[in-house]
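Participant: Residue numbers (full-length UniProt numbering): 1 to 794.
Here a beta-carbon is modelled for each residue, glycine too, at the ideal position from N, C-alpha and C.
Keep in mind the model is a prediction, meaning the values are calculated, not measured.
#1: Between the stretch 495 to 507 and the stretch 531 to 543, are three or more C-beta pairs nearer than 8 Å?
#2: Whose C-beta lies closer than 7 Å to the C-beta of residue 483 among residues of the same chain, with five residues either side of it excluded?
#3: Identify whether residue 92 lies in helix, strand or coil by the three-state DSSP scheme.
#4: So who's on the other strand from residue 644, going by DSSP bridges?
#5: In chain order, which beta strand (DSSP E) runs of at least 3 residues are fully inside the stretch 577 to 633?
#6: With H, G and I counted as helix, E and B as strand and the rest as coil, what does DSSP make of residue 352?
#7: Do you know offhand how far residue 631's Cα is from residue 691's?
#8: In whole angstroms, what is the alpha-carbon distance linking residue 666 and residue 652?
#9: Grab me the residues of residue 184's own chain with a C-beta within less than 8 Å of its C-beta, minus the 5 sequence neighbours each way, in chain order.
#10: Go ahead and label residue 4 buried or exposed: buried means 16 or more other beta carbons lie within 10 angstroms of its beta carbon, across all protein chains shown.
#11: Output the distance between the C-alpha atoms of residue 717 and residue 172, rounded to the nearest integer angstrom.
#12: Whole angstroms is fine: what's the gap from residue 413's alpha carbon to residue 790's?
#13: Could you tell me if residue 780 is buried or exposed, where buried requires 16 or more neighbouring beta carbons within 10 angstroms of its beta carbon?
#14: Where do the N-terminal and C-terminal ends of the alpha helix (DSSP H) with residue 757 fall, by residue?
#15: How many Å lie between residue 531 and residue 82 at the Cα?
#16: Using 7 Å as the threshold, is the C-beta distance between residue 749 and residue 788 below it?
#17: Mind checking residue 119: buried by the 16 CB within 10 Å criterion, or exposed?
#18: Please name the residue or residues paired with residue 119 in a DSSP beta bridge.
#19: Taking the continuous alpha helix (DSSP H) assigned at residue 218, which residues delimit it?
#20: Closest by CA to residue 797, which one among 637, 585 and 380?
#21: For residue 213, tell me which candidate among 232, 270 and 203 has the shortest Cα-Cα distance.
#22: Between residue 226 and residue 250, which are expected to be in contact by the criterion C-beta below 8 Å, what is the C-beta distance as a whole number of angstroms?
#23: Looking at the structure shown, is residue 479 part of a helix, part of a strand, or coil, going by DSSP?
#24: Locate the alpha helix (DSSP H) running through residue 149, then write down its first and last residues.
#25: Counting along the chain, where does the alpha helix (DSSP H) carrying residue 537 start and finish?
#26: Going by DSSP, what residues sit across from residue 796 in a beta bridge?
#27: Identify, in the order they occur along the chain, each residue of the same chain with its Cβ nearer than 7 Å to the Cβ of residue 640, setting aside the five sequence neighbours on each side.
#28: If we ignore side chains and look at the alpha-carbon of each, how far apart do residue 803 and residue 219 end up?
#29: Taking the Cβ atom as the reference point for each residue, do residue 190 and residue 175 lie within a distance shorter than 7 Å?
#30: Rounded to a whole number of angstroms, what is the C-alpha to C-alpha distance between residue 700 and residue 507?
#31: Residue 795 by DSSP, collapsed to three states: which one?
#32: In whole angstroms, what separates the C-alpha of residue 646 from that of residue 491?
#33: Given this structure, state the Cα-to-Cα distance separating residue 60 from residue 140, to the nearest angstrom.
#34: What separation, rounded to the nearest whole angstrom, lies between the Cα atoms of residue 516 and residue 625?
#35: What's the gap between the Cα of residue 706 and the Cα of residue 427?
#36: Can you give me the Cβ contacts of residue 310 inside the same chain, cut-off strictly under 8 Å, excluding the 5 residues immediately before and after it?
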């Protein structure tokens, strides 16, 4: 009897179970083995049978790699990365193998057919997919198998795995590029000798020798370096979809086979130099795109950067250090002064000022006491607290903001990519024309049919068309980087030419974010210098943002009067003894001042002794020196301006009046900021957002285009489309001017690419353009596009 191909057990003589694997019908002993083998093949894991060291188990086991996917269905595993909202679950996956928008389209088109899949969005920039599904109808392992079925590997997003994946891809591209680059240089040396035959007579033996050397040098490049194009083309064809890699692969394989035929039979022309250089430049473009995607997705969703890894949990046995992510609702946690809160919770003991700038964008700490809600990621500035956990870390406020950011990224308005659309349609038309050309010449001059068809494929390969946009964007990006703007997503330049509103955060964006003392008003018997010296002595040991406004350099501290018995009153101010007299410095409410002493606008604190109020210190968050000129320039360019801030104080009104902005929206939450922007979008406006805080992350991600300040938070910078490296707002004007130039260059590139193809196609199809001139024309066309784009570097 024959052995079962899957499990190795004997196949009964009357068995009719079998399966075709890699073109060969393999016998199976039972329906169980047949079903398992079908699953293996459907999941793209046929290589299991090539590399296994022992037969599979009869009918009930699958390869380790496939079986491991079922582990993701366990509830204890899913709690690490799955959000459960009743009858819908949501997950963010890392996807290996994405190269272009066509890959995302292919995956979405295939997976949306799975029963129970509610939503899928594949982001080619970050190599991630966000998925929602009904757990009653679909399992997570089935979703992962769906990715495998179309040739991609997916697994739950984790930052360290994402970074490892990018490092692996970079190494792979470097090896492929190195081989193609070195090989193409050697082939070009042989090509020089072959081209010399046009000018001087070269013996036939030498011509044949150089052709064979070129073949040997080109073969590894075709087999290894060009492999990504073949793989992507095969994926597309399997799903009935055409991508640029289809025509690229056809041109490469056709030119190589034709050159190999000419070499073996010593007839016709060879094109090894064009092939190898073509592969090298295509790989270089893919490599640069890969690096850009890596920068765009670095650690944008890493909770470990926002909350502490460890927490101090209190139970009947005392205090214990535990991982913050293991905290459960009801756990009690101690948070020392200066520490970051590990979870959302309610204060059950203690009182302290908390810096909630991670959530609100405002630097001034807020006083929190018993029964108040506090949030993970906020900083306890001055006193120990004991809190009771109210939400697990996956459901915390900061996690909600990050999910909101991810959703905004998914909902980002789609700006048409003309190159992708045109090249996709052009490829289909080109293949049809090539088939018609071959058919015509096959019946008229059969010996010329292949060469003329090859000339059509090579001459009209949409390389210049595909390079029209990315080369211009790459050159513009390099220019912006030198100008102090780090561009993270290419669509920014397009949006800058169409935007009609600029929306800006206040604190840290239009202002420096550093509180400073702007005026001292004497209200008592002491002069202003004495009052200021006393205030500085009282605030010298404090780290409060207001205290820093009074700070002197280290060499000036010795000049201050001696202060003792300094006692901070949390949320109100400081008391202490200076030169034998007790003073208090703090808010008007704490000091019990009358209304006539309190200024109606702005921020102020007061100094008093035991008898009277001595001085009022007026403070301000300093405007950036270029803010006013920037607003004026935006207005001159016809752009509407809005300040969108979480600050609800009167200082926001003062700044809006001083700058002359068209609109002020103050006291808004992160959700409110995003809702405002979506409202403007519904009205048909295209907005540019500028911000710097974590509270700005959702709106930065949801804007048509967004800029983050270099001094802003990591989350803001990861959510934005561009970063102002020098915190110079005037760079926005430079970016807009460059965007207008870039649009002009792209239009010129498209005009040349389409015009060239319309001109060269009839020449190639009529047989007037030999393949070697077609290859030269294709290279020249691409070179013109690249050279034109490089003008943006000036």
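Facilitator: Reading from the atomic positions:
#1: The stretch 531 to 543 and the stretch 495 to 507 do not touch, with fewer than three beta-carbon pairs separated by less than 8 Å.
#2: Taken in chain order, the residues that qualify are 731 and 734.
#3: Strand.
#4: DSSP output for residue 644 lists 665 as bridge partner(s).
#5: Counting whole runs of 3 or more residues, the stretch 577 to 633 contains the beta strand (DSSP E) stretches 581 to 586, 603 to 608 and 613 to 623.
#6: If DSSP states are grouped into helix, strand and coil, residue 352 belongs with the strands.
#7: Rounded to the nearest whole angstrom, the C-alpha separation of residue 631 and residue 691 is 15 Å.
#8: For the pair residue 666 and residue 652, the Cα-to-Cα distance works out to about 7 Å.
#9: Same-chain partners within the cutoff: 221, 273, 276, 277, 279 and 280.
#10: Looking at its Cβ environment, which holds 16 or more other Cβ atoms inside 10 Å, residue 4 is buried.
#11: Taking the straight line joining both Cα atoms gives about 29 Å.
#12: Residue confidence is low: residue 413 scores 35 on pLDDT, short of 50, so the model does not pin down where it sits. No coordinate-derived value is stated.
#13: Under this definition residue 780 is an exposed residue.
#14: That run of the alpha helix (DSSP H) goes 731 to 765.
#15: Those two C-alpha atoms are separated by around 58 Å.
#16: Yes.
#17: Residue 119 comes out exposed.
#18: Beta-bridge pairing links residue 119 to 132.
#19: In the DSSP assignment, residue 218 falls within the unbroken alpha helix (DSSP H) covering 204 to 220.
#20: Residue 797 falls outside the range modelled here, since the chain spans only 1 to 794, and no answer is possible.
#21: It is 270 whose Cα lies nearest to the Cα of residue 213.
#22: Not a contact, Cβ separation roughly 12 Å.
#23: When secondary structure is reduced to three states using DSSP, residue 479 falls in the helix class.
#24: Going by DSSP, residue 149 is part of the alpha helix (DSSP H) stretching over 140 to 149.
#25: Note, residue 537: alpha helix (DSSP H), 528 to 539.
#26: The structure shown does not extend to residue 796, since the chain spans only 1 to 794, so no value can be given for it.
#27: Result list for residue 640: 500, 501 and 662, in chain order.
#28: Beyond the ends of the chain as shown, which are 1 and 794, falls residue 803; an answer cannot be given.
#29: Not in contact: residue 190 and residue 175 (Cβ atoms no closer than 7 Å).
#30: Whole-angstrom Cα-Cα distance: 15 Å.
#31: This structure does not reach residue 795, given that the chain is present from 1 up to 794, and the question cannot be answered.
#32: Their backbone Cα atoms lie some 28 Å apart in a straight line.
#33: Residue placement at residue 60 cannot be trusted, given a pLDDT of 44 that sits under 50; the coordinates are not used to answer.
#34: Roughly 15 Å separates the two Cα atoms.
#35: Computed Cα separation, rounded: 34 Å.
#36: Around residue 310, the same chain offers 321, 322, 323, 324 and 342 as residues with beta carbons nearer than 8 Å, after the five sequence neighbours per side are excluded.
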